[in-house]
Amino acid sequence: MGLEVCVDTFESAKNAIIGGAMRLELCSSLSEGGLTPSIGFVNKIRRLTNIDIYVLLRVRSGNFVYSREEMDIMLFDLKTIKDLKLANGFVFGALTEDREINTTYCKQVISLAKPLPVTFHRAFDEMRQDPLETVNVLHSLGFYRILSSGRQETAEKGISLLKSMHAMKKILIMPGAGITPDNILNIRLKTEVNEFHCSARKRKQLTENERNHFRMGTVLERDYVMVTDVNTVRKMCEIIENDYE
791 MGLEVCVDTF ESAKNAIIGG AMRLELCSSL SEGGLTPSIG FVNKIRRLTN
841 IDIYVLLRVR SGNFVYSREE MDIMLFDLKT IKDLKLANGF VFGALTEDRE
891 INTTYCKQVI SLAKPLPVTF HRAFDEMRQD PLETVNVLHS LGFYRILSSG
941 RQETAEKGIS LLKSMHAMKK ILIMPGAGIT PDNILNIRLK TEVNEFHCSA
991 RKRKQLTENE RNHFRMGTVL ERDYVMVTDV NTVRKMCEII ENDYE
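Structure, rendered in structure tokens:
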């Protein structure tokens, strides 16, 4: 029971821990939906906290249809992080070109990760398969939980499906996408789920000296960065805890 916070910087991880997060999902490039983090980042956070750390396995942005070479990269990352004992679990999802579960790739990840648990991420929301049938398939494959918005833009809009998925009692269902202090209790009461996923980020304004003045990539440089907010995390954790009292 509690809040998983997805973070892509040391500052965000530290803020999530201070705010009371029960678990961290570590990634890089949240602006691209999250990619596999560096081992240096995972190592640093492992030494910062004893709370559970899950590591995202996603080699690139875009769709979840991976080549054999891309899978080899992710499997190498998984094995390296596991061998170094830096993570408590992993987050992964792979689809076929028909937007169905790539069972071959999923089995490889689950097998290599054992005995550590694996969460199937929001690739679930991009699928064409019947969602409840998909829950059964993911359970049979050995996934520990599903991160989902209920196949809607936000988890609040996907409450109906999330409730049905949770009611199956097959696998842990963790709502994610647009979770805020203003809607977390409503989602909790209507779905009866016990875990929630968010980034809880707010803008942190950069000074003139802190910001870049030349473009470093295809995205325009901004005068702010997005950082997990301590108070937002704390508020959501308190809401969840109070509902269970």
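If you count the sequence shown from 1, you need to add 790 to reach our numbering. In this text, a Cβ means the ideal position worked out from N, Cα and C, and glycines have one as well.
| Asked | Found |
| --- | --- |
| Proximity below 7 angstroms, CB of V1020 to CB of I843 | no |
| Contact under 7 angstroms by Cβ, I936 with F910 | yes |
| Check whether S989 and A967 have beta carbons under 7 angstroms apart | no |
| Environment of A903 [buried if 16+ CB atoms lie within 10 Å] | buried |
| 8 angstroms contact criterion, which K804 and L838 should meet: CB distance rounded | 7 angstroms |
| Nearest residue (CA-CA) to F866, options G883, Q898, S851, E794 | Q898 |
| T1018 Cβ short of 6 angstroms to the ligand FAD heavy atom set | The ligand content of the structure shown is nil, which means the ligand FAD is not present either. |
| Cβ contact (3+ pairs, closer than 8 angstroms) linking the region 880–894 and the region 917–935 | yes |
| First and last residue of the uninterrupted beta strand (DSSP E) at R993 | 991–995 |
| Distance, T870 Cα to F800 Cα | 21 angstroms |
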